[in-house]
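In terms of the working numbering, the sequence shown is residues 106 to 288. Note that beta-carbon positions come from the ideal geometry of N, C-alpha and C, so glycine has one too.
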Amino acid sequence: MATAVLEYSALERTSKNRHLPSPPGFSSAVTTNKGKEAASKANAMTPKEKADRNEELKAKRAWDLATSPAKQLPMQMMMVYFSGGGVQIFSMGMVAMLLASPFKAFAGMNEAFAQFAPKDSTNTRAFTTLLLQKVAYILCNLLTLLVGMWKCNQMGLLPVGTGDWLQFEHRGEVCNPFFSILP
């Protein structure tokens, strides 16, 4: 992939601000040399160096994908907060989205990470390919699931109190001494 160098010197001759002095510490010779050095450095890379650089870039992009659910978490928490605490259609839709999106992400995880698999991997869609990134992706999606569960608890939809389990509680027989002496 060739790196293009943009040359803005032609624009300086036609600019209406060409009579303005350069800012303090500015040297046009230094800036033009930096652009030429970067272009020559990119062209001087061997194919192996380019492949290694491409693999590093893929690894960085895989980590970006792995942490993307955690980056969305503050916005989702704010949306959950503003949806209210009552059982209404909007808040139920928010809870459904929070509970369903991690499972959808788990289902498509291997497909999502396949494009970032290293070249030497035999099966790009295997779970063991990019294992650390996939584990981080699962943990970040579990955080989203926990926010959904917390919202369900705040709305009173989770059976966590003793009153929610009264139908399963068995009471013992009352032993009253007054009834035991009657024939």
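Nearest to residue 255 by C-alpha distance, out of 185, 225, 212, 219, is 185. Going by DSSP, residue 211 is part of the alpha helix (DSSP H) stretching over 194-212. Taking 8 Å as the cut-off, the beta carbon of residue 248 is found closer than this to the beta carbon of residue 175. Of the candidates 178, 199, 180, the residue whose Cα lies closest to the Cα of residue 188 is 199. The alpha-carbon of residue 236 is positioned some 16 Å away from that of residue 161. For residue 159, the enclosing alpha helix (DSSP H) starts and ends at 152-187. The C-beta of residue 121 has fewer than 16 other C-beta atoms within 10 Å across all chains shown, which makes the residue exposed.
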